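*Asks:*
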Amino acid sequence: MKILGIETSCDETAAAIVEDGTSILSNIVASQINIHSRYGGIVPEVASRQHLITALPVVESAITEAGVTWRDIAAVAVTIGPGLAGSLLVGVNLAKAIALAHSLPLVAVNHLEGHIYANWLTGAKPVFPCLCLIVSGGHSDLVLMAGHGEFSKLGRTRDDAAGEAFDKASRILGLGYPGGPAIEKAATRGSPSFSLPRAWLKGSDDFSFSGLKTALLHLVRGDDFTDPALVAEAAASFQQVVVDVLTTKTIQAAERLGVRQILLSGGVAANKALRDCFSRRSPVPVLIPPPKLCTDNAAMIAACGYFHYRSGKIDGCDIDVIPSLSLG
Ligand code: KG4
Ligand code: ZN
């Protein structure tokens, strides 16, 4: 069964065709990074206008690249939230138009649930119950997954999301946008020699990264940070703290709950230091999608849509965007 996925929640215009929720036939992502990087972050109005220009060509490319026709498509899955309202609206309205024009069922997908389902696209076999860490630009969620569509949220960030922390740290260090890849690259040139605070929030599965950001700000103000060697050391120190906190707290929760696997997802899961740390320290198997499937894409939305569709969760053309949608 082939599902068309459409994703426009933030600054990537994406469409994909996925078969049976596991096999990618096409996965097109049109990034707006070059447009937003000159502003140092995403400009919502610009993002939605850009989605308007690119969405239809991206869907057409997904169909062509998969070598399918509209008749082969069983349903259209689209992200309804969380995300930027103006961006989400473009994808949802395009999905509605396609569903009407081709008499296809619509499946509304939660972007965070979509991130988790990137783990079904790698050939690995996720097993329940598993513990999902979703670390993206807007979220750091720790979610227990008991089965398809069965989520209970254990923890979240109390302030900055992990990706947001990378982006802000990068700005503080003058490394540009998006911050995650920039910090990761700079960190390879330095050692983690600065001591920065770890917020353990003992007794809670929540995260907090704003104190770390403030400590970095003070560090940069107090020293000569025009020296690239110091910037590299600060980047490495910052990254080490985020990686250590995410890994330690997730593994502690996994042991406490006795889950069978840990599933990582979201843009920050593209980070090599985080991937290596989890693989090294976790007592249970850790599934991590390849970096391209960690950052925003529509294959994960199509995969998630397949499992909704299979369980009869089909929506009508009255669906609307929910910018503050959460999971569990
Ligand atoms: O999941 P995603 O593509 O979009 C959202 O749903 O937010 O995540 C984007 C976030 C950004 O904050 C970006 O800086 C971060 O993921 N990111 C990374 C890396 N690649 C992307 N953070 C750390 N290391 C990376 N390699
Ligand atoms: Zn995302």
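Counting along the sequence shown from 1, when you hit position 269 you're at 270 in my numbering, and nothing is skipped either side.
Every residue, glycine too, gets a C-beta built ideally from N, C-alpha and C.
The structure displayed is predicted, hence computed values, not measured ones.
May I ask you to check if the CB of S137 is nearer than 7 Å to at least one heavy atom of the ligand ZN?
*Replies:* Checking every heavy atom of the ligand ZN against the Cβ of S137, one is found closer than 7 Å.
*Asks:* Quick check on V110: does DSSP put it in helix, strand or coil?
*Replies:* Here V110 sits in strand by DSSP.
*Asks:* Bridge partners of D316, per DSSP?
*Replies:* Answer by DSSP bridge pairing, in chain order: L107.
*Asks:* Of all the beta strand (DSSP E) runs that stay within the bounds of the stretch 20-94, which reach a length of 3 or more residues?
*Replies:* Fully enclosed beta strand (DSSP E) runs of 3 or longer: 24-32, 74-82.
*Asks:* Three or more C-beta pairs closer than 8 Å, one from the stretch 36-49 and one from the stretch 190-203: is that the case here?
*Replies:* Touching, no, given that fewer than three Cβ pairs across the two stretches are closer than 8 Å.
*Asks:* Identify, in the order they occur along the chain, each residue of the same chain with its Cβ nearer than 6 Å to the Cβ of V60, setting aside the five sequence neighbours on each side.
*Replies:* Counting only Cβ-Cβ distances below 6 Å, and skipping sequence neighbours, we find A16.
*Asks:* What are the boundary residues of the beta strand (DSSP E) that includes S153?
*Replies:* It spans 151-156 - the beta strand (DSSP E) in which S153 sits, taken as one unbroken run.
*Asks:* Measure the alpha-carbon distance for E20 versus L26 and round it to whole angstroms.
*Replies:* If I take the Cα positions, the gap works out to 7 Å.
*Asks:* Quick check on the DSSP output: the alpha helix (DSSP H) that includes C305 runs from which residue to which?
*Replies:* Here the alpha helix (DSSP H) through C305 covers 300-311.
*Asks:* Is C11 helix, strand or coil by DSSP?
*Replies:* Coil, per DSSP.
*Asks:* CB of G181 to nearest heavy atom of the ligand KG4: below 7 Å?
*Replies:* Within the cutoff, so yes.
*Asks:* Starting from L134, trace the alpha helix (DSSP H) both ways and give me its first and last residue.
*Replies:* That residue, L134, is in no alpha helix (DSSP H); its beta strand (DSSP E) goes 131-136.
*Asks:* Could you tell me whether the stretch 212-228 touches the stretch 128-145, where touching means 3 or more Cβ pairs closer than 8 Å?
*Replies:* Result no; under three Cβ-Cβ pairs closer than 8 Å.
*Asks:* So what does D225 bridge to, in DSSP terms?
*Replies:* Note: D225 sits in no beta bridge, so no partner.
*Asks:* Taking just the CA atoms, how far does E8 sit from S266?
*Replies:* Each residue's Cα considered, the two are about 16 Å apart.
*Asks:* Using a Cβ-Cβ cutoff of less than 6 Å, which residues in the same chain neighbour R331 once the five nearest sequence positions on both sides are dropped?
*Replies:* This structure cannot settle anything about residue 331, because the visible part of the chain is limited to 2 through 329.
*Asks:* Determine the DSSP secondary structure at D207, reduced to helix, strand or coil.
*Replies:* In this structure, D207 counts as coil in the three-state DSSP scheme.
*Asks:* Below 7 Å, is the gap between the Cβ of H116 and the nearest heavy atom of the ligand ZN?
*Replies:* For the ligand ZN, at least one heavy atom lies less than 7 Å from the Cβ of H116.
*Asks:* Can you name the residues that DSSP bridges to V144?
*Replies:* In the DSSP output, where bridge partners are listed per residue, V144 has C133, K154.
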